[in-house]
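Protein chains: 2
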Amino acid sequence: MASDAEETRFQLQKGRMLRAAAQCFNQKGYSGTSLRDVADVLGLTDAALYYYVRNKEELVYLCYVRAADLGRDAMLRAQADGSDGFDVVLRYLRYHIEMIVGERGPIAIMSEIPSLKPDHRDEVLALSRTHSKNFEAVLETGIEDGSIVPCDVRMTGNAIMGSINWIPKWYHGDPEMAQKLVDSFPRILTRGLSAGDSLAEF
Amino acid sequence: MASDAEETRFQLQKGRMLRAAAQCFNQKGYSGTSLRDVADVLGLTDAALYYYVRNKEELVYLCYVRAADLGRDAMLRAQADGSDGFDVVLRYLRYHIEMIVGERGPIAIMSEIPSLKPDHRDEVLALSRTHSKNFEAVLETGIEDGSIVPCDVRMTGNAIMGSINWIPKWYHGDPEMAQKLVDSFPRILTRGLSAGDSLAEF
DNA sequence: GCTTTATTTTAATCTGGATTAAAATAATTG
DNA sequence: CAATTATTTTAATCCAGATTAAAATAAAGC
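From first to last, the protein sequence lines stand for chains A and B. Heads up: the first sequence begins at 399 in our numbering, then just goes up one per residue. Heads up: the second sequence begins at 399 in our numbering, then just goes up one per residue.
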C-alpha cells in the first residue's frame, strides 16, 4: 500500500512532470510539444505520463493550476511580509519573479486556457481572476495608505501582470538575466507608482 | 487573367482571412482553433482556405508577419510624428494599441513561434527582435535628449512590450475598454519614464 | 452568350501524436 | 524471499483535424 514515502515519491515525480511540461510548453509552444517531448525531459516514455495524468488536457490544466498556486503563494507571502501597499506590490513582484526563475519554476504561460475542457477552463479562469482582483485590491490599499499614487487599478494591474506573464517569452534561463530580473524588474514595473519616489532616484 | 481589381479581391479576402485567423487564435488558442473555425468566421469551407495558403503553418506564419508589420508601421509613424524620444514612445504605444483595438486588428499574439517551420520561425524571430531593438533605440534617444529618465532600456523595453503583447489576453472587444486603452494605457506604461513628469500630474 | 479563369465545395484520404491494453520491471511489504 | 503493489515499457489502436483531388459554381473577358 501507499506509505507516506510512496505518496511522496508519486507526488515528487508528478511535480517534476509538471515542471518539465511547463518548460516544454513555454519553449516549444503548446501544439509544438508532444507528450514524447515532455517524457524525454524526464527520461521516460510518453505512455508513462498516463500513470500521473488522465490525458494531455489534464497535464495542461495542472500546469495552469500550479502556475496560479505559485502566484497566489507569492501574493500571500508579500501580504504577510509587506509594510504598506506599495511594499506589498514590490515584494509580490519580487517573490513571483523569484519563482519564475528559481528551481520551483518554470511557470507555464497560460496561453491555451480556451483549449481546456469547460470545467477546467472555468476553474483556471476563476483562479486567474481572483489573483488579478487580489492584486488590484493591494493597489487600492496602497492608494488609501498613501504609499501609491492614485491610478486606475484595473489598467495598472493589467499592465503589470502583462509584463510578468510575458517574462517566459524572453527569459530563457540565463542566470545573469535571472539575477537582473529579480533585482531590478520589480522596481521598473512600479516606477512612477510610489508616492514617495522622487525622480532623482532613477 | 488577374486584373488589378481581381488582384485586389484576392488580397482583400486573404486579409480578411488573416484577421479571422488572428481572432480565432487569440480567442481559442492555437490548438483550440481548427481551420474549420477560421472558415466559419468567413462563411467559407475549411478547404477553401487552401486557395490562399499552403497549410495551417503558413496561416500562422502570415498572422505573425502581419502582426510584426503593424507593429513596425506604428513605430515608423511614431518616429515621423514624434518630437523627442519620450513623445515617440508615447505615440508608438498609442498607434500600436489603436491597431490592436481598431478595424485593422486583431493582432495575433505570437505564442506559437516555436511551432513554425525553421525558416519561417527564423524570419519571424528576426522581425520580432528588430522591433524590440528599435524600441530600445528610441528609449536611448529619449535618454540622450533628456526626455526620458536614465534606465535599463533592455529591461524597460521588455516590460513595456510585455504589457502590450498581453493586451489581447484580457481585451475582448468591449468598445468602452478600447477607448480607455487608447486614451490611458500609453501613459500608464510610461509612468515614471518621463523626465518632465512631476508626481502631481497623477 | 460562350469561353476562360477564379473561387468554393464535396467527398475522400492521410497522419502525427494521443491514447490504451497488456506485459515487463522495479520497489515494498510482511 | 515470496507476494503484492507501484511504475514503466512495448506494441498496438484510434481519431480529430489537416490535407488533397476532382467537381461545381461564380465571375470576368470577349
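Even glycine gets a Cβ: it sits at the ideal position worked out from N, Cα and C.
Coil, strand or helix - residue i by DSSP
i       : result
I498(A) : helix
S526(A) : helix
I562(B) : helix
D467(A) : helix
I505(A) : coil
S481(B) : coil
S545(A) : coil
S592(B) : strand
N424(A) : helix
G555(A) : helix
N532(B) : helix
S513(B) : helix
R452(A) : coil
T443(A) : coil
T431(B) : coil
G413(B) : helix
D581(B) : helix
G667(A) : Outside the displayed span of chain A (399 to 600) sits residue 667(A), for which this structure offers no information.
Y569(B) : coil
D550(B) : coil
L587(B) : helix
Beta-carbon gap between residue i and residue j smaller than 9 Å
i       : j       : result
V580(A) : E501(A) : no
M559(A) : S530(A) : yes
A524(A) : C461(A) : no
K454(B) : L433(B) : yes
T588(B) : I586(A) : no
V436(B) : A418(B) : yes
D550(A) : K578(B) : yes
A608(B) : S561(A) : Nothing can be reported for residue 608(B), as the shown portion of chain B is limited to 399 through 600.
N532(A) : R470(A) : yes
P584(A) : L491(A) : yes
V388(A) : V486(A) : Since the displayed chain A opens at 399 and closes at 600, residue 388(A) lies outside it and no answer follows.
L457(B) : L488(B) : no
R407(A) : L440(A) : no
Expected contact under 8 Å - CB spacing of residue i and residue j to nearest Å
i       : j       : result
S526(A) : M508(A) : 7 Å
E510(B) : S513(A) : Rounded, the Cβ-Cβ distance is 12 Å, inconsistent with contact.
I546(A) : G483(A) : 5 Å
A420(A) : V499(A) : No, A420(A) and V499(A) are not in contact; Cβ-Cβ is about 13 Å, not under 8 Å.
A472(B) : Y493(B) : 4 Å
I'd like to know if the region 565 to 576 of chain A and the region 462 to 478 of chain A are in contact, where contact means that at least 3 CB-CB pairs between them fall below 8 Å. no
Members of the region 547 to 576 of chain B near chain A, C-beta cut-off 8 Å: Those residues of the region 547 to 576 of chain B that come within reach of chain A (Cβ to Cβ, closer than 8 Å) are V547, P548, C549, D550, M553, T554, N556, A557, I558, M559, G560, S561, I562, N563, W564, I565, K567 and W568.
The region 529 to 544 of chain B in contact with the region 446 to 456 of chain A per 3-pair CB rule at 8 Å: no
Which of the residues in the region 428 to 444 of chain B, read from start to end, lie with their CB under 8 Å from any CB of chain A? Y428, S429 and G430
At a Cβ cut of 8 Å, what residues of the region 412 to 429 of chain A count as close to chain B, listed as they run along the chain? Q425, K426, G427, Y428 and S429
Using a Cβ cut-off of 8 Å, which residues of the region 509 to 543 of chain B contact any Cβ in chain A, in chain order? S509, E510, I511, P512 and S513
Going along the region 577 to 596 of chain A in order, which residues come within less than 9 Å of chain B, judged by CB to CB distance? K578, L579, S582, F583, I586, L587, T588, R589, G590, L591, S592, A593, D595 and S596
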